[in-house]
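Worksheet for the structure shown next.
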């Protein structure tokens, strides 16, 4: 498990360094994930090393949400005070994201439509 975690973290570190050094608009961990994907595609050995650890982490992914839950409980007073505002902001931003996503889809569909589709 240690070699796999080392490889995953090394890819994340490489992505973070590249992202910051080149001032890319892409987060470092995303670049690291791309590096890991390329390494796993090129080398079957890398895939064999990372797969069991990745499956283990995915099986216990719910444990990663425990700190967020503890944080919510720790700040229950603030949540009680601002909860309604947060709920309204969540609902409105979700609806806005759906509308913008649908509008972008329609715009791209119109741009890519050929004469045969009419």
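Residue numbers (the UniProt record's numbering): 1 to 118. Glycine included, C-beta positions come from ideal geometry on N, C-alpha and C. Predicted, not measured: the structure shown is a model, and the values here were computed from it.
Going by beta carbon distance, what residues of the same chain come within less than 7 Å of residue i, once the five residues before and after it are set aside?
i	result
residue 40	46, 47, 50
residue 5	53
Could you spell out where the alpha helix (DSSP H) holding residue i opens and where it closes?
i	result
residue 27	Neither: residue 27 is in no alpha helix (DSSP H) and is coded neither H nor E.
residue 75	Run containing residue 75: none; DSSP gives neither H nor E here.
residue 113	No alpha helix (DSSP H) holds residue 113; DSSP gives it neither H nor E.
residue 56	44-59
residue 62	Looking at the DSSP string, residue 62 is not in any alpha helix (DSSP H), and its letter there is neither H nor E.
residue 7	2-21
Taking Cβ to Cβ, would you say residue i is nearer than 8 Å to residue j?
i	j	result
residue 15	residue 30	yes
residue 59	residue 32	no
residue 79	residue 72	yes
Tell me the rounded alpha-carbon separation between residue i and residue j.
i	j	result
residue 87	residue 94	11 Å
residue 67	residue 75	12 Å
residue 97	residue 113	24 Å
residue 26	residue 9	17 Å
So, for residue i: in the same chain, excluding its five sequence neighbours on each side, which residues have a beta-carbon less than 6 Å away from its beta-carbon?
i	result
residue 28	15, 16, 19
So, at 8 Å on beta carbons, what are the nonlocal neighbours of residue i in its own chain, with the 5 sequence-adjacent residues on each side left out?
i	result
residue 101	none
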